[in-house]
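Chains as they are written, first to last, in the working numbering: chain A, 493 to 696; chain B, 493 to 696.
Using N, Cα and C, we set each Cβ at its ideal position, and we do this for glycine too.
Remarks on the structure that follows.
2 protein chains.
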Amino acid sequence: MLSEPFPSGLLERAVQQLARLPGVGRKTALRYALYLLGQDVDTVRNLSMSLTRLREEVKRCRVCHNLCDTELCDICASPGRDRSLLCVVEDIHGVMCIERTGLYRGLYHVLGGVISPMEGIGPSDIELESLFQRAESGEVAEIILALNPTMEGDTTNFYIARRLAASGIKLSVLARGVSVGDDLEYTDEVTLGRSITGRTPFTP
Amino acid sequence: MLSEPFPSGLLERAVQQLARLPGVGRKTALRYALYLLGQDVDTVRNLSMSLTRLREEVKRCRVCHNLCDTELCDICASPGRDRSLLCVVEDIHGVMCIERTGLYRGLYHVLGGVISPMEGIGPSDIELESLFQRAESGEVAEIILALNPTMEGDTTNFYIARRLAASGIKLSVLARGVSVGDDLEYTDEVTLGRSITGRTPFTP
Chain A
493 MLSEPFPSGL LERAVQQLAR LPGVGRKTAL RYALYLLGQD VDTVRNLSMS LTRLREEVKR
553 CRVCHNLCDT ELCDICASPG RDRSLLCVVE DIHGVMCIER TGLYRGLYHV LGGVISPMEG
613 IGPSDIELES LFQRAESGEV AEIILALNPT MEGDTTNFYI ARRLAASGIK LSVLARGVSV
673 GDDLEYTDEV TLGRSITGRT PFTP
Chain B
493 MLSEPFPSGL LERAVQQLAR LPGVGRKTAL RYALYLLGQD VDTVRNLSMS LTRLREEVKR
553 CRVCHNLCDT ELCDICASPG RDRSLLCVVE DIHGVMCIER TGLYRGLYHV LGGVISPMEG
613 IGPSDIELES LFQRAESGEV AEIILALNPT MEGDTTNFYI ARRLAASGIK LSVLARGVSV
673 GDDLEYTDEV TLGRSITGRT PFTP
């Protein structure tokens, strides 16, 4: 399977390049390539241009480090956002997930990773210093730690909490508990345990 | 999920374009886009260029209609190939699968599809006329029908056989039978039945 007899060098190169995408093997890459061969020239040109422009032109917001097309992202630039509230996320996925809820009106801070001694990622490798600078500006009243609940996420939370201990800024984390619409039977013990210790007042 | 709050228009466009690939949804497209964002500018440029060049420059061999980079494909141009043997396949996958066995030394004819009344594909929509022209050249002694064993494939085989009935060209199909290394227990009845009626002499 490794030495596939490609009838075209152009096809072979395209397949090799496509097979670098995450989770894409040579079979899938060949499928993508043959699909593109069947499309309009313009469709393929648009795709190619989109990818090149994405890589060359996309920026990171100078305040929150989220991906954006301008110096300052739409969220940071919005006058309707609560500037006293900061939500710390690992990457753009975090921003998109929380924005999708439509329930958060504060600003974000995208770390671009989490502290991971195993992978050699220390505090200075992610956007922590700029977070502390924003915290020291006096504008921030509360920071919501919304990192993924992994060991690395917890380590990063702990690091932030220690650095901001004297700042007087309120730190909070996302509530853990039973999913909305989910059955108790299918909730794992740790989550169910957290939902009991972190129970909230019943509001009929 | 449909109105995802993309922080960047460039990212959104790239995701939209990538999500057109077969089997790729918006989540996978976003994963591909973020992966590409983390790569070298050159890597992304190479990918884009490969896709555009693939679509713009790849040719079909004027004899067998297989994909290639030149007017005549390597197989048709090879002096070591048996020009009296023609293998009819549906698409490039067929050529690649049979080439991979390393056991076929004849030429190919890529139909670019099969006759499918359901999808409105008639004999004139695929490369049948050029097949009959090659057959009539007098060079071909045997044609191997290697289409997929679907109703459409069978219809196409039947059409070819009827047109070439008076030509004196030997027609054959791929042998059907138990897979090499496969257990009888896991072979379906139709295949097992074909392997009995089409049994071959035992050569110790």
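Per-residue contacts from residue i into chain B (C-beta, under 7 Å)
i: S500 (chain A); result: V550, L559, C560 and D561
i: R537 (chain A); result: T544
i: P497 (chain A); result: M588, E591 and R592
i: I613 (chain A); result: Chain B residues near I613 (chain A): none, gap ~14 Å exceeds 7 Å.
Chain-ordered neighbours of residue i on chain A, where CB pairs are closer than 8 Å
i: D574 (chain B); result: Under the 8 Å cutoff, chain A gives no residues; its nearest Cβ is about 17 Å from D574 (chain B).
i: C568 (chain B); result: The contacting residues do not exist; C568 (chain B) stays about 10 Å from chain A at best.
Helix, strand or coil at residue i according to DSSP, with G and I counted as helix
i: C568 (chain A); result: helix
i: L559 (chain B); result: strand
i: M493 (chain A); result: Confidence at M493 (chain A) is low in this model, with a pLDDT of 40, below 50, so its placement is unreliable and the value that follows should be read with caution. Coil, per DSSP.
i: I635 (chain A); result: strand
i: V581 (chain B); result: strand
i: L599 (chain B); result: strand
i: I618 (chain B); result: coil
i: R573 (chain B); result: coil
i: R655 (chain A); result: helix
i: G554 (chain B); result: This sequence places Arg at residue 554 (chain B); Gly is not what is there. Coil at R554 (chain B), not helix or strand.
i: I613 (chain A); result: strand
Chain-order list of residues whose beta-carbon lies under 6 Å from that of residue i (same chain, five-residue window excluded)
i: I590 (chain B); result: Y596
i: A521 (chain A); result: V507, L510 and A511
i: S687 (chain A); result: G669 and V670
i: L623 (chain A); result: H601
Close beta carbons around residue i, own chain, < 7 Å, minus the five adjacent residues each side
i: V587 (chain A); result: N558, V581, Y600 and V602
i: M493 (chain A); result: Any reading at M493 (chain A) must be qualified, since the residue scores a pLDDT of 40, below 50, and its modelled position is unreliable; no value is offered.
i: C565 (chain B); result: C553, C556 and N558
i: G614 (chain A); result: I607
Within chain A, partners of residue i - CB distance below 7 Å
i: L546 (chain B); result: L502, L503, A506, A525, L528 and L529
Neighbourhood of residue i by C-beta distance below 8 Å, restricted to the same chain and skipping five residues each side
i: P641 (chain B); result: R668
i: R573 (chain B); result: I567, R597, G598 and L599
i: A627 (chain B); result: L578, I635, L656, S659 and I661
i: N649 (chain A); result: L637, L639 and V665
i: A525 (chain A); result: L503, A506, V507 and L510
Interface residues of chain B facing residue i [CB-CB closer than 8 Å]
i: E533 (chain A); result: For the sequence presented, residue 533 (chain A) should be read as Val rather than Glu. Residues of chain B passing the Cβ test: R547 and E548.
Chain B contact residues for residue i, given Cβ-Cβ distances below 9 Å
i: C565 (chain A); result: P499 and S500
i: S608 (chain A); result: Within chain B, no residue comes near S608 (chain A); the closest Cβ sits about 16 Å away, beyond 9 Å.
i: S659 (chain A); result: Per Cβ cutoff of 9 Å: no residues; S659 (chain A) is ~27 Å from chain B at best.
i: S664 (chain A); result: None at all; the shortest Cβ gap to chain B is about 22 Å.
Neighbour list for residue i in chain A, Cβ cutoff strictly below 9 Å
i: S687 (chain B); result: Under the 9 Å cutoff, chain A gives no residues; its nearest Cβ is about 26 Å from S687 (chain B).
Any non-hydrogen atom of the ligand GDP closer than 7 Å to residue i Cβ
i: L639 (chain A); result: With respect to the ligand GDP, the structure shown offers nothing to examine, as it has no ligands at all.
What residues in the stretch 617-641 of chain A have a beta carbon less than 9 Å from any beta carbon of chain E? Considering every chain present, this structure includes no chain E. Its protein chains are A and B.
Start-end ranges of the beta strand (DSSP E) lying completely within the stretch 515-544 of chain A, minimum 3 residues: For the stretch 515-544 of chain A, not one full-length beta strand (DSSP E) segment reaches 3 residues or more.
If contact means a Cβ-Cβ distance below 8 Å, which residues of the stretch 589-600 of chain A contact chain B? Residues E591 and R592.
Short of 9 Å Cβ to Cβ, which residues in the stretch 511-525 of chain A face chain B? Contacts with chain B (Cβ-Cβ distance below 9 Å) from the stretch 511-525 of chain A involve R512, L513, P514, G515, V516, T520, L522, R523, Y524 and A525, listed in chain order.
Any chance you could list the beta strand (DSSP E) runs of at least 3 consecutive residues sitting entirely within the stretch 662-694 of chain B, in chain order? Segments of the beta strand (DSSP E) lying fully in the stretch 662-694 of chain B: 662-665.
Note down, in chain order, all residues in the stretch 666-682 of chain A with a beta-carbon under 7 Å from any beta-carbon belonging to chain B. Going along the stretch 666-682 of chain A in chain order, one finds no residue with a Cβ nearer than 7 Å to chain B.
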